[in-house]
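S.K.:
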Ligand SMILES: [Zn+2]
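In full-length UniProt numbering, the protein residues as written are 1 to 428.
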């Protein structure tokens, strides 16, 4: 009666359906809520946000939410196709008979993951294309030509292969050769890899896609340097990134650690904000550092991946883990790549239900960074900077509260500005 394989199939299907219904419900709430508030600027913003830009934000939000539903349907179909309907099994059996090497040896296992990555990447392409060249284009955000887009795709695929294949090969090798505690070794390797990426991303990988020029505006540089010294930071590594090459969306971020630590301003941000506002945004970023949000995030990522590897260590030895997800494993072993792949596909189905916890922490961190920023700079500057950014990015001022709880890593404008203690209506 208690067939664990059948139980897993049922559990997985239940999580899939429940997740699907929840996401549908959330999206329809968001669409209705934004549409209902489309024709009136919320009173707190009446003096600062025009009806036209409020409506643009509403249309952009609704368009993206609708498109998200299409992606959701497609993603679900693909997931079912790969798992219960046998896609991975077919691929795996084909590779077993392909002469690439004995079942369970490194080459066919790597091939399984690479081909899976290639096919699912190709199947996602129409969506990326539509999102960039239809949606972003229509709202005036896209600055990419098709040629640049294609170049990016080729470059990121190449980087993915150069960076991804070695770490995957290492993990597969550890799985196959370090006994039943392999998952601890693999976790260690994964952590080292992540720390390496944290150092290499800002200095080696990001420059492949964008130009990073030292901040040259002397007045701005002097102000920023003074602020950083006041906050106890070494003011080195201030860069301007040519974000306008791809998109009109503006941003600033703080990245890396140790010698690779740097502050990056998008050129679009510097164009939109005045120097006081740039200061306030930087103070917010420094707030994340002062409150150790980055370290906290890294530590929790380490802890979660340890739990994940431990779970995978156990699941990979259970036949029902494969059969319950529509795949026939080889009874004498060598199923490491299969286990890894199934695990990565299935975990998000379950982790979606705890995602509000992570979103909550993230929004809490944003409030803390805002509080730090207004202790260091004038609250009015952060307020007007945020208003400009929300407006220029066409973020809706009236999201559905439940949708926010699930998906928003940053608090919506109304909550955030209310916490700053200055009413947006009174700003000049
Ligand atoms: Zn932040």
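No residue lacks a Cβ here, since even glycine has one placed at the ideal position from N, Cα and C.
Any heavy atom of ligand 1 closer than 7 Å to the Cβ of residue 288?
M.R.: Yes, ligand 1 has a heavy atom inside 7 Å of this Cβ.
S.K.: In the DSSP assignment, the beta strand (DSSP E) including residue 241 goes from what residue to what residue?
M.R.: Taken as a continuous stretch (DSSP letters only), the beta strand (DSSP E) holding residue 241 covers 238-241.
S.K.: Can you say whether residue 43 is buried or exposed, counting buried as having 16 or more other CB atoms within 10 angstroms of its CB?
M.R.: The residue in question, residue 43, is exposed, as its Cβ has fewer than 16 Cβ neighbours within 10 Å.
S.K.: Taking C-alpha atoms, which residue in 408, 80, 111, 284 lies nearest to residue 374?
M.R.: Among 408, 80, 111, 284, the Cα nearest to that of residue 374 belongs to 284.
S.K.: Looking only at its own chain, which residues have a Cβ that is under 6 Å from the Cβ of residue 448, when we skip the five neighbours before and after it?
M.R.: Residue 448 lies beyond the range of the chain shown here (1 to 428); nothing can be said about it.
S.K.: So, at 8 Å on beta carbons, what are the nonlocal neighbours of residue 425 in its own chain, with the 5 sequence-adjacent residues on each side left out?
M.R.: Because residue 425 carries a pLDDT of 47, less than 50, the predicted location of this residue cannot be relied on, and the following value inherits that uncertainty. Around residue 425: 43, 44, 45, 46, 47, 48.
S.K.: Please indicate yes or no: does the CB of residue 54 lie closer than 7 Å to some heavy atom of ligand 2?
M.R.: Questions concerning ligand 2 fall outside what the structure shown contains, since the ligands it does hold are ligand 1.
S.K.: Do residue 131 and residue 212 have their beta-carbon atoms positioned less than 8 Å apart in this structure?
M.R.: Not closer than 8 Å, so no.
S.K.: With respect to 7 Å, is the separation between the Cβ of residue 249 and the closest non-hydrogen atom of ligand 1 below this value?
M.R.: No, the beta carbon of residue 249 sits no closer than 7 Å to any heavy atom of ligand 1.
S.K.: I'd like to confirm something about residue 373: is its beta-carbon nearer than 7 Å to some heavy atom of ligand 1, or not?
M.R.: Residue 373 Cβ: outside cutoff for every heavy atom of ligand 1.
S.K.: Taking the DSSP output, what are the residues bridged to residue 255?
M.R.: BP columns for residue 255 point to 262.
S.K.: For the alpha helix (DSSP H) holding residue 229, just list the boundary residues, first then last.
M.R.: Looking at the DSSP string, the run of the alpha helix (DSSP H) that includes residue 229 is 218-230.
S.K.: Under three-state DSSP, which class holds residue 177?
M.R.: Residue 177: helix per DSSP, three-state reduction.
S.K.: Let me know the alpha helix (DSSP H) ranges lying completely inside the segment 307-377, each 4 residues or longer, listed in chain order.
M.R.: Correct list: 319-323, 336-351, 355-376.
S.K.: Does any heavy atom of ligand 1 sit closer than 7 Å to the C-beta of residue 284?
M.R.: Because some heavy atom of ligand 1 lies under 7 Å away, the Cβ of residue 284 counts as near it: yes.
S.K.: May I ask you to list the residues that DSSP assigns as paired with residue 212?
M.R.: 241, per the DSSP bridge assignment.
S.K.: Using the three-state DSSP reduction, which class does residue 247 fall into: helix, strand or coil?
M.R.: The answer is strand: DSSP assigns residue 247 an E or B state.
S.K.: Go ahead and pull the three-state DSSP assignment for residue 194.
M.R.: Of the three classes helix, strand and coil, the one that applies to residue 194 here is helix, per DSSP.
S.K.: Under 8 Å, do residue 91 and residue 112 count as touching if we go by C-beta distance?
M.R.: A contact, by the Cβ cut-off of 8 Å.
S.K.: Please check the pair residue 280 and residue 381, which I expect to be a contact at CB under 8 Å, by giving their CB distance rounded to whole angstroms.
M.R.: 4 Å between Cβ atoms; contact.
S.K.: Could you check the C-alpha separation between residue 315 and residue 339 for me, to the nearest Å?
M.R.: So the alpha carbons of these two residues sit roughly 8 Å apart.
S.K.: Determine, using beta carbons only, whether residue 334 and residue 103 come nearer to each other than 8 Å.
M.R.: In this structure, residue 103 lies closer than 8 Å to residue 334 by Cβ.
S.K.: Can at least three beta-carbon pairs, one atom from the segment 298-317 and one from the segment 266-282, be found at a separation below 8 Å?
M.R.: No: the two stretches stay apart, fewer than three of their Cβ pairs being nearer than 8 Å.
S.K.: Below 8 Å, can you find three or more Cβ-Cβ pairs linking the segment 344-351 to the segment 241-248?
M.R.: Contact fails: fewer than three Cβ-Cβ distances are below 8 Å.
S.K.: Relative to ligand 1, is the shortest distance from any of its heavy atoms to the C-beta of residue 366 smaller than 7 Å?
M.R.: True, at least one ligand heavy atom lies under 7 Å from that Cβ.
S.K.: Taking the DSSP output, what are the residues bridged to residue 142?
M.R.: For residue 142, which the question treats as bridged, DSSP gives the partners 247.
S.K.: Under the rule that 16 or more other beta-carbon atoms within 10 Å means buried, what is residue 228, buried or exposed?
M.R.: It is buried - the Cβ of residue 228 has at least 16 other Cβ atoms within 10 Å.
S.K.: For the alpha helix (DSSP H) containing residue 51, list its first residue and its last residue.
M.R.: Taken as a continuous stretch (DSSP letters only), the alpha helix (DSSP H) holding residue 51 covers 51-82.
S.K.: What is the DSSP secondary structure of residue 41, reduced to helix, strand or coil?
M.R.: Reduced to three states, the DSSP call for residue 41 is coil.
S.K.: By the three-class DSSP mapping on this structure, what secondary structure does residue 5 have?
M.R.: Three-state result, residue 5: helix.
S.K.: What's the gap between the Cα of residue 409 and the Cα of residue 253?
M.R.: Their backbone Cα atoms lie some 15 Å apart in a straight line.
S.K.: Using a threshold of 8 Å, state whether the C-beta atoms of residue 376 and residue 230 are closer than that.
M.R.: Result yes, Cβ atoms of residue 376 and residue 230 sit closer than 8 Å.
S.K.: Going by C-alpha to C-alpha distance, which of 354, 257, 37, 312 sits closest to residue 186?
M.R.: The candidate whose alpha carbon is nearest that of residue 186 is 312.
S.K.: Which residue marks the beginning of the alpha helix (DSSP H) containing residue 284, and which one marks its end?
M.R.: From DSSP, the alpha helix (DSSP H) with residue 284 extends over 275-290.
S.K.: The alpha helix (DSSP H) with residue 439 in it runs from where to where?
M.R.: Absent from the structure is residue 439, since the part of the chain shown begins at 1 and ends at 428.
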